[in-house]
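Quick note, the sequences are listed as chains A and B, same order.
For reference, each letter of the first sequence is one residue, going 1 to 408 in this note's numbering.
For reference, each letter of the second sequence is one residue, going 1 to 338 in this note's numbering.
Here a beta-carbon is modelled for each residue, glycine too, at the ideal position from N, C-alpha and C.
Model, not experiment: these values are computed from the prediction.
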Amino acid sequence: MSPTRQLAVVAAAFALVTASGSAALAQKKYDTGATDTEIKIGNIMPYSGPASAYGVIGRTEAAYFKMINDQGGINGRKINFISYDDNYSPPKTVEQARKLVESDEVLLIFNSLGTPPNSAIQKYMNQKKVPQLFVATGATKWNDPQNFPWTMGWQPNYQSETVIYAKYILKNHPNAKIAVLYQNDDYGKDYLKGLKDGLGAKAASMIVAEDSYEVSEPTIDSHIVRLKASGADVFMNITTPKFAAQAIKKNAELGWKPLHFLNNVSGSIGSVIKPAGFENAQDIISSQYFKDPTDAQWKTDKAMIAWNEFLDKYYPEANRSDASVMYAYIVSQGLVHVLKACGDNLTRENVMKQAASIRDYEPAGLLPGVKVNTSATDFAPLSQLQLIRFKGETWERFGEVLSGDVGG
Amino acid sequence: MSAAEEVVTEAPAVEAVPKRAMTLGYGTSLAVLAALILIPLFVKNFIIFQMTMLLIYGLAVLALNILTGGSGQFSLGQSAFYAVGAYTSAILMEHAGMNYALTLPIAGLICFGFGFLFGQPALRLSGVYLALATFALATAMPQLLKLGYFEHWTGGVQGLVVTKPDAPFGLPMGQDMWLYYFTLAVSIAIYVASVNLLRSRSGRAFMAIRDNEIAASAMGVDVALYKTLAFGVSAGITGVAGGLGAIAVQFVAPDGYTITLAISLFLGMVVGGVGWLPGSIVGSAFIIFVPNIAESISKGLSGAVFGVLLFLVIFLVPHGARQVAIVAQQLIAKLKKN
Numbered sequence: 001m002s003p004t005r006q007l008a009v010v011a012a013a014f015a016l017v018t019a020s021g022s023a024a025l026a027q028k029k030y031d032t033g034a035t036d037t038e039i040k041i042g043n044i045m046p047y048s049g050p051a052s053a054y055g056v057i058g059r060t061e062a063a064y065f066k067m068i069n070d071q072g073g074i075n076g077r078k079i080n081f082i083s084y085d086d087n088y089s090p091p092k093t094v095e096q097a098r099k100l101v102e103s104d105e106v107l108l109i110f111n112s113l114g115t116p117p118n119s120a121i122q123k124y125m126n127q128k129k130v131p132q133l134f135v136a137t138g139a140t141k142w143n144d145p146q147n148f149p150w151t152m153g154w155q156p157n158y159q160s161e162t163v164i165y166a167k168y169i170l171k172n173h174p175n176a177k178i179a180v181l182y183q184n185d186d187y188g189k190d191y192l193k194g195l196k197d198g199l200g201a202k203a204a205s206m207i208v209a210e211d212s213y214e215v216s217e218p219t220i221d222s223h224i225v226r227l228k229a230s231g232a233d234v235f236m237n238i239t240t241p242k243f244a245a246q247a248i249k250k251n252a253e254l255g256w257k258p259l260h261f262l263n264n265v266s267g268s269i270g271s272v273i274k275p276a277g278f279e280n281a282q283d284i285i286s287s288q289y290f291k292d293p294t295d296a297q298w299k300t301d302k303a304m305i306a307w308n309e310f311l312d313k314y315y316p317e318a319n320r321s322d323a324s325v326m327y328a329y330i331v332s333q334g335l336v337h338v339l340k341a342c343g344d345n346l347t348r349e350n351v352m353k354q355a356a357s358i359r360d361y362e363p364a365g366l367l368p369g370v371k372v373n374t375s376a377t378d379f380a381p382l383s384q385l386q387l388i389r390f391k392g393e394t395w396e397r398f399g400e401v402l403s404g405d406v407g408g
Numbered sequence: 001m002s003a004a005e006e007v008v009t010e011a012p013a014v015e016a017v018p019k020r021a022m023t024l025g026y027g028t029s030l031a032v033l034a035a036l037i038l039i040p041l042f043v044k045n046f047i048i049f050q051m052t053m054l055l056i057y058g059l060a061v062l063a064l065n066i067l068t069g070g071s072g073q074f075s076l077g078q079s080a081f082y083a084v085g086a087y088t089s090a091i092l093m094e095h096a097g098m099n100y101a102l103t104l105p106i107a108g109l110i111c112f113g114f115g116f117l118f119g120q121p122a123l124r125l126s127g128v129y130l131a132l133a134t135f136a137l138a139t140a141m142p143q144l145l146k147l148g149y150f151e152h153w154t155g156g157v158q159g160l161v162v163t164k165p166d167a168p169f170g171l172p173m174g175q176d177m178w179l180y181y182f183t184l185a186v187s188i189a190i191y192v193a194s195v196n197l198l199r200s201r202s203g204r205a206f207m208a209i210r211d212n213e214i215a216a217s218a219m220g221v222d223v224a225l226y227k228t229l230a231f232g233v234s235a236g237i238t239g240v241a242g243g244l245g246a247i248a249v250q251f252v253a254p255d256g257y258t259i260t261l262a263i264s265l266f267l268g269m270v271v272g273g274v275g276w277l278p279g280s281i282v283g284s285a286f287i288i289f290v291p292n293i294a295e296s297i298s299k300g301l302s303g304a305v306f307g308v309l310l311f312l313v314i315f316l317v318p319h320g321a322r323q324v325a326i327v328a329q330q331l332i333a334k335l336k337k338n
């Protein structure tokens, strides 16, 4: 072997070694909370307190990850899902978040619930550079990658929904006179802002009546009477389920038949439309992004069958008419999708990077055509909605899937 | 006069506690103090944060203890004073750019005034009726904080984010540790002041009212003044605790100050021993840690487990930590004799 050839071989061998070495390094990179066998995921839910109805989301997620673990985990790693109760009280949320990050040493906090609790920990999570991934609230402020690069929302935000309704009104009823009823809190105000932004310059002239109610009011009948008197021909109904059902009923009693828009918070057939009476709810327009389990048209749907099988085996006591169970099923798939995409590079930075590069992902349970999309500047994974109209005893989809992206 | 009312006034609201039994001996006090100073040097930041919260809730329980254990008046409205203190600190820090340490006395003063004024109508009420009146205050407070008129200041339902202070003078410690020692210093000052207050003329007046209002007024105690004063002092200390809480948690929102908080503080007082000031910290530990223990036993039934634990405590040691301390003291005395 000539000296030059020898050198070449050595060089080649060296190159090979370094290449494989760096490949091995690239293969396995961990931050706190991830190892060869386990990924620790933190979660905070109001299992007790005023919002405890949402606790089923945490339970469904725990059941879902148990199923994933039984199927072999994610790239061979089991999910260790640690979920704590915060009572929907922000100080407690801070305590639990710190416990998860500093004591349990989780890789990330996933789907923590509620606008006030998440606001309380947002600064802390971003200071610590721990992902606060797919928060369970519809407020608009979570889509703010510039100021809060470690926080990401999940569901379509409230504002984007009314932006979509506004676009529909401008296109199909440009001379409409709109009456708005909204709940007097952050949720109602977010919706109202979206409507006004969507109508743009015409908002002032098109909205002829605006009325708000308090959650503590027993009935909203008087508000409906007042709105009817305004002579409006479009009714924007921004109310939570109990009040939505009252409004639909009262409209029918008064014989007021405006073009009725109902926010999707109250789109459940089981808990709103049925109690209000099918005959009173005909032609109401709303929007959806996932399949309503109480809607008969999905009975033989593949995703619905898979959902039912999952619940049969891992969460048999779940209330299947509760939309939260479907919500949790979908968002859990979202997390698994992100963790799979991370491969063996389970650093917090890579988690955020993968979460911010989802392309046209369709977890089971979303409506046809609705897709999850994110980018470095778009931290709102779901921003599409399908307009639906109530016909007979079910929601009928119409038009295309619409998008109403709004930044925080 | 109805029979019910007679029952209420006849039943001793609070058992008489002699004033010497209200504090700890010097040796024990020093040991506790040493533990509180040294432990944070060896534990994680998260534990330091929990200890900070322990002191803060301890202060709030102490405040209630002065009111109930000292002057014999009930309050389920402490969460309202706590909220006012928290919001005062948060607003002054975030909107007026004031130093966090300066906001605390202001929070205390505002709450003192608030409590003193609330004490005026409360004068006409006693026992369960007073408890109900304060309960109303606690339920009203979160909604008041959401009101549109104040929204510019309070941030409405969204709340306010508070910046956590760094250690001053370039001290080599983290934010959590600095805040802990700061809180500890405030707590010790308030504790010492409270002990002295109860030993003073005013404290004797409080206790005279607690034990027998008619006898107290016959002895020349201005019942109305001292009753409202007790409310004011209690609210003032709670306000300082609220301000510290806002700084430690870095966030204030109406949902953090619901009636649940008021009941927790009440619970802390009972578990710690009504009228026994050092018990406040034991009560505070109970309301912070026992729900976590209950949750680790059963997530779905955490409330029920908590209830069972609480029931056991009330059943086995009805006088709370004070009873445990007395038993321990007697045991030690026995050992010393032998």
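7 Å Cβ cut-off: residues of chain A touching residue i
{"i": "S302/B", "result": "Y47, S48 and D85"}
{"i": "G245/B", "result": "P91"}
{"i": "F46/B", "result": "R98, K99, E102 and S103"}
{"i": "T154/B", "result": "None at all; the shortest Cβ gap to chain A is about 13 Å."}
{"i": "E213/B", "result": "Under the 7 Å cutoff, chain A gives no residues; its nearest Cβ is about 37 Å from E213/B."}
Interface flag, residue i vs chain B, CB-CB below 7 Å
{"i": "S222/A", "result": "no"}
{"i": "E362/A", "result": "no"}
{"i": "P116/A", "result": "yes"}
{"i": "K123/A", "result": "yes"}
{"i": "S119/A", "result": "yes"}
{"i": "G21/A", "result": "Here the model assigns G21/A a pLDDT of 44, short of 50, so the residue's position is not dependable, and the following value carries that caveat. Taking Cβ atoms only, chain B never reaches closer than 7 Å to G21/A, which makes this a no."}
Limits of the beta strand (DSSP E) - the one that residue i falls within
{"i": "E400/A", "result": "T394 to S403"}
{"i": "A209/A", "result": "I207 to Y213"}
{"i": "E151/B", "result": "Careful: E151/B lies outside any beta strand (DSSP E), inside the alpha helix (DSSP H) at E151 to T154."}
{"i": "L76/B", "result": "From DSSP, L76/B is part of no beta strand (DSSP E); its letter is neither H nor E."}
Listed by chain order, chain A residues near residue i by CB distance under 8 Å
{"i": "E94/B", "result": "Per Cβ cutoff of 8 Å: no residues; E94/B is ~12 Å from chain A at best."}
{"i": "M53/B", "result": "P91 and E95"}
{"i": "V157/B", "result": "T115, P116, D185 and D186"}
{"i": "T260/B", "result": "G49, N87 and S89"}
Interface partners of residue i on chain A, CB under 9 Å
{"i": "F289/B", "result": "In chain order: nothing, as chain A lies at least about 11 Å away."}
{"i": "V161/B", "result": "S119, A120, Q122 and K123"}
{"i": "T139/B", "result": "Neighbours of T139/B on chain A: none; closest Cβ ~10 Å, over 9 Å."}
Residue-level contact to chain A via CB, residue i, 7 Å cutoff
{"i": "V249/B", "result": "yes"}
{"i": "V84/B", "result": "no"}
{"i": "N196/B", "result": "no"}
{"i": "V186/B", "result": "no"}
{"i": "F49/B", "result": "yes"}
{"i": "L335/B", "result": "no"}
{"i": "E151/B", "result": "no"}
Unbroken alpha helix (DSSP H) run spanning residue i, endpoints
{"i": "I178/A", "result": "Segment I178 to Q183 is the beta strand (DSSP E) holding I178/A; no alpha helix (DSSP H) there."}
{"i": "Q122/A", "result": "T115 to K128"}
{"i": "V279/B", "result": "The sequence shown places Gly at residue 279/B, not Val. Note, G279/B: alpha helix (DSSP H), G279 to I297."}
{"i": "I220/A", "result": "Here I220/A belongs to no alpha helix (DSSP H), and DSSP marks it neither H nor E."}
{"i": "F266/B", "result": "I259 to G272"}
{"i": "L229/B", "result": "V223 to V249"}
Of the residues the options, the one placed nearest residue i, counting alpha carbons only
{"i": "L335/A", "options": "A356/A, N319/A and D322/A", "result": "A356/A"}
{"i": "A245/A", "options": "S271/A, V234/A and N87/A", "result": "S271/A"}
{"i": "A193/B", "options": "A96/B, I56/B and V233/B", "result": "V233/B"}
{"i": "L130/B", "options": "M93/B, S75/B, Q329/B and L64/B", "result": "S75/B"}
{"i": "S321/A", "options": "K313/A, K171/A, V338/A and K299/A", "result": "K299/A"}
{"i": "A253/B", "options": "V234/A, I121/A, F379/A and R348/A", "result": "I121/A"}
{"i": "I344/B", "options": "M219/B, A63/B and H152/B", "result": "The structure shown does not extend to residue 344/B, since chain B is modelled only from 1 to 338, so the question has no answer here."}
Residue(s) in a DSSP beta bridge with residue i
{"i": "R77/A", "result": "I74/A"}
{"i": "R389/A", "result": "I285/A and E396/A"}
{"i": "V234/A", "result": "I178/A and L259/A"}
{"i": "K40/A", "result": "N80/A"}
{"i": "Y30/A", "result": "L346/A"}
Within chain B, the residues that residue i reaches when beta carbons sit closer than 7 Å
{"i": "Y88/A", "result": "D255"}
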